[in-house]
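Heads up, the sequence shown stops at 239 in full-length UniProt numbering, and the numbers go up one at a time, no gaps. All remarks here apply to the structure that follows.
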Amino acid sequence: MRAPLLLVAASGLAREVIAVVRATGSHDLIGVLDEDRALRGRDLDGVPVLGGLDHVMSHPAAELVLCPGSGRVRAAIAGRLAIAGVRDRFAVVSHPSVDLPAGCTVGQGSVLLAHVAVTAHVRIGRHVVVMPNATLTHDDVVNDYATLCAGVSLGGNVTVGEGAYVGMNASVRERTRIGPGSTIGMGAAVLQHVPPHETWSGVPARRLQSPDPGDSPRLPTPGRSHRPLDTTSPEGVRR
Numbered sequence: 001m002r003a004p005l006l007l008v009a010a011s012g013l014a015r016e017v018i019a020v021v022r023a024t025g026s027h028d029l030i031g032v033l034d035e036d037r038a039l040r041g042r043d044l045d046g047v048p049v050l051g052g053l054d055h056v057m058s059h060p061a062a063e064l065v066l067c068p069g070s071g072r073v074r075a076a077i078a079g080r081l082a083i084a085g086v087r088d089r090f091a092v093v094s095h096p097s098v099d100l101p102a103g104c105t106v107g108q109g110s111v112l113l114a115h116v117a118v119t120a121h122v123r124i125g126r127h128v129v130v131m132p133n134a135t136l137t138h139d140d141v142v143n144d145y146a147t148l149c150a151g152v153s154l155g156g157n158v159t160v161g162e163g164a165y166v167g168m169n170a171s172v173r174e175r176t177r178i179g180p181g182s183t184i185g186m187g188a189a190v191l192q193h194v195p196p197h198e199t200w201s202g203v204p205a206r207r208l209q210s211p212d213p214g215d216s217p218r219l220p221t222p223g224r225s226h227r228p229l230d231t232t233s234p235e236g237v238r239r
């Protein structure tokens, strides 16, 4: 019997997850949760929008996938769910074209889309999103809430920090660290360590933005109190 599955956020990523789940038959898609009241009663690619995040309590047997494109928003939602007692009900969604060799691990709630290549002893954390045609090679570590966009290539022994975002077709040199919360621009070639909460781009990649220590965003820690999501704005949940 297939486990029921709820998707959180009626986003483009949610549509991609729907397509993968239908291709694999891994779960029974029962609905999408979104704070936008205008979406209620509608459907997303044939999956009904049931209501806001509070509806998760009405489906205690359902597994969840958090589908905002932003790792920061995924972390905030995971924090809200943890406060409500929902911590270990997250599904891994992996396209049929993805092969995970022995010794590789993928954390709960993570999504691997079509033709992601994973080689040896790769560790992927919780609520990570890896877009199509990304390549993760030996001993890479991708920490919780990170996002790897389409065509990203990581050399061996690369570490991607919590909540980092690596843009389309960017390449990261072997043994390089991408700091937590950092952003790597599209097509960048990263040849050196990137500090936390910075934006780098170009070939070779250089820093575009230096963080203000007082303003640097921090990912909320699931299970601890933090400022709730702005549920008055659908974009606050979807992006």
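Every residue, glycine too, gets a C-beta built ideally from N, C-alpha and C.
query = For Ser-58, is the classification buried or exposed, using 16 other Cβ atoms within 10 angstroms of its Cβ as the cut-off for buried?
reply = By one-based count along the sequence shown, residue 58 stands at place 58. Ser-58 should be labelled exposed.
request  = Take Ala-84 as the anchor and find which of Asp-99, Asp-54, Leu-7 and Thr-199 has the nearest alpha-carbon.
outcome  = As a position in the sequence shown, residue 84 is number 84, starting the count at 1. Minimum Cα distance to Ala-84 is reached at Asp-54.
task = Please say whether Thr-183 and Arg-158 have beta carbons closer to each other than 8 Å?
result = Position 158 of the sequence shown, counted from the first residue, corresponds to residue 158. Position 183 of the sequence shown, counted from the first residue, corresponds to residue 183. For the sequence presented, residue 158 should be read as Val rather than Arg. No, the pair does not count as a contact, with Cβ atoms beyond the cut-off.
task = Taking only the alpha-carbon atoms, compute the straight-line gap between Val-130 and Gly-41 and give it to the nearest angstrom.
result = Here residue 130 is taken as the residue at index 130 of the sequence shown, counted from 1. Here residue 41 is taken as the residue at index 41 of the sequence shown, counted from 1. C-alpha separation (whole angstroms): 30 Å.
Neighbour-count burial assignment, Asp-99, 16 or more Cβ in a 10 Å radius = On the sequence shown, position 99 is the one that residue 99 refers to. Its Cβ having fewer than 16 others within 10 Å, Asp-99 is exposed.
request  = Rank Ala-76, Ser-94 and Ala-120 by C-alpha distance to the C-alpha of Pro-132 and give the top, closest one.
outcome  = Within the sequence shown, residue 132 is the residue found at index 132, counting from 1. Out of Ala-76, Ser-94 and Ala-120, Ser-94 has the C-alpha closest to the C-alpha of Pro-132.
key: Alpha-carbon to alpha-carbon, Ala-38 and Gly-109   = The sequence position of residue 109 within the sequence shown is 109, counting from 1. The sequence position of residue 38 within the sequence shown is 38, counting from 1. C-alpha separation (whole angstroms): 26 Å.
Arg-40, DSSP secondary structure in three states = Walking along the sequence shown from the start, residue 40 turns up at place 40. Three-state DSSP puts Arg-40 in coil, outside helix and strand.
query = Do you know whose CA, among His-193, Leu-208, Gly-31 and Gly-179, lies nearest Gly-185's CA?
reply = To locate residue 185, count along the sequence shown from 1; it is residue 185. Of the candidates His-193, Leu-208, Gly-31 and Gly-179, the one whose C-alpha sits nearest the C-alpha of Gly-185 is Leu-208.
inquiry  = Spatial neighbours of Ala-61 within its chain, please: C-beta separation below 8 Å, excluding the five flanking residues on both sides.
reply    = Sequence index remark: in the sequence shown, residue 61 carries index 61 (1-based). These residues qualify, in order along the chain: Ala-3 and Pro-4.
request  = On a CA-only basis, which of Leu-113, His-27, Arg-87 and Leu-81 is nearest Pro-96? Give me that one, please.
outcome  = By 1-based counting over the sequence shown, the position of residue 96 is 96. Taking only the C-alpha atoms, the option nearest Pro-96 is Leu-113.
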